[in-house]
Amino acid sequence: MSMLPAPNLSPKELVNDDVDLMSETNMTTASPAVAGNRQSGSDSPAIAEPPREKLTKKAITADHPTWCPGCGDFAVLAAFYKVLEKRQLDHEKIVTLAGIGCSSRFPYFVNGHGAHYIHGRAVPLASGISLARPDLHVFLFGGDGDGFSIGGNHLDHGARKNINMTYFIMDNFVYGLTKKQTSPTSPIGFKSKTDPIGAIDQPVNPMKKLIAGGATFIARTHAAQVNHMIQMIERAFDHQGFSVIECLSECVEFFPDVFDPANPKKGGSFEVIQEKKWDNTPEDDLRHDVTDELAAYKLASLPFPGVFGVFYQSDRPTKNALEKKWIETTREKIGGASDVEILRKTFDRMK
Ligand SMILES: Cc1ncc(C[n+]2csc(CCOP(=O)(O)OP(=O)(O)O)c2C)c(N)n1
Ligand code: SF4
Ligand SMILES: [Mg+2]
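Numbering (the numbering used here), first residue to last: 128 to 478.
If you want it as C-alpha cells, here you go:
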C-alpha cells in the first residue's frame, strides 16, 4: 500500500519550476494553458490539469499476492484490476480497505490508498472515509468471517444507513487465515477445528441478511466467473449507496471443491438471474424485478448453490447525500460560517 502523489506523475512532473503557483506575478505570465483556464468573474485562476497517464494494470498492481496457489481470491483481484483499467478512475481517488483474513489482504495488492484494518471493523472505517471524502471511490474487501461474524453488526448498520461504498465479500465458507474454523456461512456438517464432528449451527444466508439489513444493492457472483464478477463490480460501483457483492471464492486449502456445483467447468451449473426488461412480453412476467424485496428474498431461499446476479437494488437516499444537505442547511442558517469559526464559537460557548 502506498500513499499516492497526484495522478500517475513522477515527482519531477509534479514540481513544475516554470509556474510558481503562489505568485500572482507568475500567474499573469503563466503558460497559455494556465492563463487560458481562468474562470471569468473569479479572482483565482484555475490551473490546467496536466494530462493523465492511462491507468494500466502495471500502475494499479502493488505487492505480489501471497495467497495459496489456486485460491479463488486471485480471480477476484484480477477482476478488480480489470474494472479499474476499464473505468480509468483517477488513480489518487482509489481507496481499498479491508478487515483481517486471507481475503482481507486485498489492499496490499492494489497500488492506491488503502488500509488493512481491525478484524470486522472495516465498514466503520470505510463509512468515515466515504462521508468525509465523497470524492473518493471507496472499495471494501473481506471474508465471510470478517463480514458476517465479527463484523455482522457493522454490516447491518452500514446497510441501514446506506453509506456509499462498494463492499466485496469473498465467501469461502471457512476461516481461512486462522486455518479452518467454522465460519458463519459454513454448511451444517462441515468438519473443522471448532466443529470436529461437523457444524451444527444454522448458517447465515448472506442475501437474506443484506436484504433485511437495508443494503441498497445486493448481488452474488462466483470467482470462477470472471466476466460475471466484472459486471457485478461495475454495477455495484455505479450504484449510489451501500452496495454489496457476495462472491463464492474457494479456499483450496481448507474447503476445496465446495463451489463446484456452481462451476460448469467442474460439472456444475452457473444459473444467472434473468432481470426484467420491462418490454411487455409474456416472458418478462417470469423475469426478476430487482426492486422487489420479497422476490429477492424468494431467490435467496433457493437451495445451494442458488442463483447469481443482482438480487435487489433500490434508490433510497444515501447518508452521504442526507448529511450533506443537513450540513448545507445548517451552514446557511449560521450565515455561511467557516468550519474554524463554528469550532471557535462552540468553544466560546463552552467557556
Ligand atoms: C478481534 C479478533 N478476533 C479474532 C481474530 C483472528 N482472526 C483473524 S482472521 C479470522 C477469520 C477470517 O476469516 P474470513 O473473514 O472468512 O477470511 P478468510 O481468511 O477466510 O478469507 C479470525 C478469526 C482477530 N484477528 N481479531
Ligand atoms: S488458506 Fe484458503 S483462503 Fe487463505 S490463501 Fe489459502 S486458499 Fe486462500
Ligand atoms: Mg472465509
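In this text, a Cβ means the ideal position worked out from N, Cα and C, and glycines have one as well.
Model, not experiment: these values are computed from the prediction.
Residue i CB to nearest heavy atom of ligand 2 below 7 Å
i, result
"Trp453", "no"
"Val379", "yes"
"Cys195", "yes"
"Cys198", "yes"
Heavy atom of ligand 3 within 7 Å of residue i beta-carbon
i, result
"Asn407", "no"
"Asn299", "yes"
"Gly340", "no"
"Tyr302", "yes"
"Asp217", "no"
"Asp271", "yes"
"Ser319", "no"
"Ser310", "yes"
Option nearest residue i by Cα separation, candidates the options
i, options, result
"Ser276", "Ala249, Thr473, Met292 and Ala205", "Ala249"
"Lys335", "Arg347, Asp328, Gly325 and Ile324", "Arg347"
"Ser441", "Ala186, Leu216, Arg287 and His246", "Arg287"
"Leu252", "Gly226, Ile324 and Pro333", "Gly226"
"Phe431", "Ile245, His191 and Phe386", "Phe386"
"Ala202", "His355, Glu398, Pro330 and Glu402", "His355"
"Ser254", "Pro234, Lys220, Asn280 and Asn291", "Asn291"
"Phe435", "Pro388, Arg179, Gly279 and Ala186", "Pro388"
"Arg362", "Thr456, Tyr439 and His415", "Tyr439"
"Gln308", "Phe295, Lys478, Gly325 and Pro444", "Gly325"
"Ala186", "Pro196, His415 and Val237", "Val237"
"Gly240", "Ile338, Cys198, Tyr302 and Ile221", "Note that residue 240 corresponds to His in the displayed sequence, not to Gly. Ranking the options by Cα distance to His240, first place goes to Ile221."
"Ala339", "Cys195, Gly247, Gly279 and Ala448", "Gly279"
"Ala234", "Phe207, Ala422 and Ser396", "According to the sequence shown, residue 234 is Pro rather than Ala. Out of Phe207, Ala422 and Ser396, Phe207 has the C-alpha closest to the C-alpha of Pro234."
"Gly341", "Lys213, Trp194 and Thr445", "Thr445"
"Leu375", "Ala350, Pro391 and Phe397", "Ala350"
"Arg179", "Cys195, Gln215, Lys209 and Ala189", "Gln215"
Residue i, enclosing alpha helix (DSSP H) - first and last residue
i, result
"Ser257", "Ala249 to Ala259"
"Val210", "Asp200 to Arg214"
"Gly285", "Gly279 to Lys288"
"Ala189", "It is not in any alpha helix (DSSP H) - Ala189 carries neither H nor E in the DSSP assignment."
Span of the beta strand (DSSP E), counted from its first residue to its last, around residue i
i, result
"His243", "His240 to His243"
"Asp298", "Met292 to Asp298"
"Ala346", "Phe344 to His349"
"Gly197", "Unbroken run through Gly197: none, as it is neither H nor E."
"Gly340", "Careful: Gly340 lies outside any beta strand (DSSP E), inside the alpha helix (DSSP H) at Pro333 to Gly340."
"Ala225", "Ile221 to Ala225"
"Val98", "A query on residue 98 cannot be resolved here, the shown segment of the chain reaching from 128 to 478 and no further."
"Phe266", "His264 to Gly270"
Check: residue i C-beta below 7 Å from any heavy atom of ligand 1
i, result
"Asp328", "no"
"Cys229", "yes"
"His243", "no"
"Ile277", "yes"
"Thr305", "yes"
"His415", "no"
"His246", "yes"
At a cut of 8 Å, does the stretch 375–392 reach the stretch 401–411 through at least three beta carbon pairs? no
Is it the case that the stretch 359–368 contacts the stretch 458–477, given that we only count it when at least three CB pairs across the two stretches are under 8 Å? By the C-beta criterion, the stretch 458–477 is judged not to be in contact with the stretch 359–368, since fewer than 3 inter-stretch pairs fall below 8 Å.
Please determine if the stretch 261–276 and the stretch 223–239 are in contact, where contact requires at least 3 C-beta pairs separated by less than 8 Å. Taking 8 Å as the limit for Cβ pairs, the verdict is that the stretch 223–239 does touch the stretch 261–276.
Note down, one range per segment and in chain order, each beta strand (DSSP E) of at least 3 residues found wholly within the stretch 359–416. 369–375
Alpha helix (DSSP H) runs contained entirely in the stretch 422–465, provided each spans 4 or more residues: Listed in chain order, the complete alpha helix (DSSP H) runs (minimum 4 residues) inside the stretch 422–465 are 446–460.
Cβ contact (3+ pairs, closer than 8 Å) linking the stretch 390–406 and the stretch 319–326: no
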